[in-house]
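Accompanying notes for the structure given below.
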Amino acid sequence: MIHVIYMAAGNSRRFGSNKLLYLYEGKPLYRHGLELLLKLKQEMGEKLTVTVVTQYAEILEEVQDIFERCGMAGMQAVFCEESRLGTSYTVRAGIEAVISQDPASGQPKEGQSMIGEKDYLMFMVADQPHLTLDSVRKLVEAAVSCEQSAFSGPLAEECSRWETLSLRCGSTPGNPCMFRADLIPELMSLTGDQGGRKVLKRYACKYVDILDERELEDVDEMLQVTENLGEK
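If you count the sequence shown from 1, position 104 lands on 104 in this note's numbering, and the numbers rise without skipping.
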């Protein structure tokens with residue numbers, strides 16, 4: 001099973017207001033990735049869960065309303081005020097929500113965990129509007145191939161090394177990233193503004209290559225390019 005933690009909680013560095021609500025190509029920025037995940041959820045059904053973490057009440061309410069209207073089990077939205085203190089707080093809030101709650105009902109599952117030992121966690125940020133469903137699907141398919149453990153010989157040996165997975169364009173890695181469930185303790189130990197890539201660098205990573213570098217750009221990077229062009 002794949003558990004997606006959609007991090008719609010980042011602080012706005014270059015915007016005077018919440019950048020995730022900034023209208024980009026006709027819709028709030030965070031909705032681009034969310035709609036991608038809804039399509040992926042429709043394809044994968046119960047094999048995929050989606051947990052949205054945000055520090056913004058408006059986004060929380062909107063996402064809860066969207067999930068309710070979709071009527072699909074395995075989706076939840078959680079509020080994390082501490083996300084303003086750094087990425088690690090968002091990571092922990094997402095993991096704790098997946099572990100302790102049943103997304104189908106939103107109720108705590110005391111003494112149980114939603115996460116199996118062969119499951120993967122995917123962390124996806126909410127400010128990459130050009131990320132495509134095809135690229136995320138390829139990343140998920142690579143993880144599912146290993147999760148099923150139906151291989152023998154060299155392929156089985158190769159899969160056993162993939163503790164983490166990541167998209168990559170050329171030599172540049174980017175989000176989303178995926179982690180096997182046995183890395184949860186290390187992810188939970190992150191502090192401050194540390195993100196999952198700190199853990200990813202410690203282990204063998206399966207890179208899934210894409211061709212369009214724009215897919216990996218976040219809005220801050222896109223704005224920086226625009227500013228640089230304006231200075232010339």
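In this text, a Cβ means the ideal position worked out from N, Cα and C, and glycines have one as well.
*Determine the DSSP secondary structure at G33, reduced to helix, strand or coil.*
Your numbering for residue 33 matches position 33 in the sequence shown. Helix.
*Comparing alpha-carbon positions, which option in W162, S189, E141 lies nearest L235?*
A query on residue 235 cannot be resolved here, the shown segment of the chain reaching from 1 to 232 and no further.
*Would you call the segment 66-83 and the segment 175-190 touching, i.e. three or more CB-CB distances under 8 Å?*
no
*Can you round the beta-carbon distance between D127 and K19 to whole angstroms, since I take them to be within the 8 Å contact cut?*
Along the sequence shown, read from residue 1 onward, the residue named residue 127 stands at position 127. Along the sequence shown, read from residue 1 onward, the residue named residue 19 stands at position 19. Indeed, because the Cβ distance is near 7 Å, the residues count as touching under 8 Å.
*Report all residues from its chain with a CB closer than 6 Å to the CB of L216; omit the five preceding and five following residues, and keep chain order.*
Taking the first residue of the sequence shown as position 1, residue 216 is located at position 216. C169, G174, listed in sequence order.
*Sheet register partners of V208 (DSSP bridge)*: What you label residue 208 is simply residue 208 of the sequence shown in a count that begins at 1. According to DSSP, V208 bridges with L167.
*Mind pulling the alpha helix (DSSP H) runs of 4 or more residues that sit fully within the segment 69-100?*
87-100
*Provide the residue(s) that pair with I2 in DSSP beta bridges, ordered along the chain.*
Position 2 of the sequence shown, counted from the start, is the residue given in the question as residue 2. Note: I2 sits in a beta bridge opposite L48, Y120.
*Kindly list the residues whose CB is nearer than 6 Å to the CB of Q55, restricted to its own chain and excluding five residues on each side of it in sequence; keep chain order.*
Position 55 of the sequence shown, counted from the start, is the residue given in the question as residue 55. Contacts found: A9, C80, E81, S83, R84.
*Per DSSP, which one or two residues make a beta bridge with M7?*
Translated into the one-based positions of the sequence shown, residue 7 becomes position 7. According to DSSP, which records beta bridges pairwise, M7 is partnered with V53, V125.
*Would you kindly check if the distance between the Cβ of V136 and the Cβ of M114 is under 9 Å?*
On the sequence shown, position 114 is the one that residue 114 refers to. On the sequence shown, position 136 is the one that residue 136 refers to. Contact: no.
*asked:* Between G33 and M124, how many whole angstroms is the CB-CB distance? I'm expecting something under 8 Å.
replied: By 1-based counting over the sequence shown, the position of residue 33 is 33. By 1-based counting over the sequence shown, the position of residue 124 is 124. Correct: roughly 6 Å between the Cβ atoms.
*Does DSSP put M114 in a helix, in a strand, or in coil?*
Position 114 of the sequence shown, counted from the start, is the residue given in the question as residue 114. M114 falls in the coil class under three-state DSSP.
*Quick one, are the C-beta atoms of V91 and L190 less than 9 Å apart?*
Reading the sequence shown from its first residue, position 91 is the one you call residue 91. Reading the sequence shown from its first residue, position 190 is the one you call residue 190. The answer is yes: Cβ separation under 9 Å.
_Going by the DSSP bridge assignment, what does T191 pair with across the sheet?_
In the sequence shown, counting from the first residue as 1, residue 191 sits at position 191. Beta-bridge pairing links T191 to no other residue.
*Return the CA-CA distance between A57 and R214, expressed in angstroms with no decimal places.*
Looking up residue 57 in the sequence shown gives position 57. Looking up residue 214 in the sequence shown gives position 214. Approximately 29 Å between the Cα atoms of the pair.
_I need the DSSP call for R202, collapsed to helix, strand or coil._
Position 202 of the sequence shown, counted from the first residue, corresponds to residue 202. Looking at R202 - three-state DSSP - the assignment turns out to be coil, as it is neither helix nor strand.
*Taking C-alpha atoms, which residue in A204, A181, K206, I210 lies nearest to F117?*
Walking along the sequence shown from the start, residue 117 turns up at place 117. Looking at the sequence provided, one finds Glu at residue 117 rather than Phe. Closest by alpha carbon: A181.
_With a threshold of 7 Å on Cβ separation, who are the neighbours of P176 within its own chain once the five nearest residues in sequence on each side are excluded?_
Residue numbering aside, residue 176 sits at position 176 when the sequence shown is read from its first letter. M122, F123, M124, V136, L139, L167.
*Use the C-beta contact count for S88: other C-beta atoms within 10 angstroms, 16 or more gives buried, fewer gives exposed.*
The residue you call residue 88 lines up with position 88 of the sequence shown. The residue in question, S88, is buried, as its Cβ has 16 or more Cβ neighbours within 10 Å.
*So what's L183 in DSSP terms, helix, strand or just coil?*
Mapped onto the sequence shown, residue 183 falls at position 183. DSSP places L183 in helix when its eight states are reduced to three.
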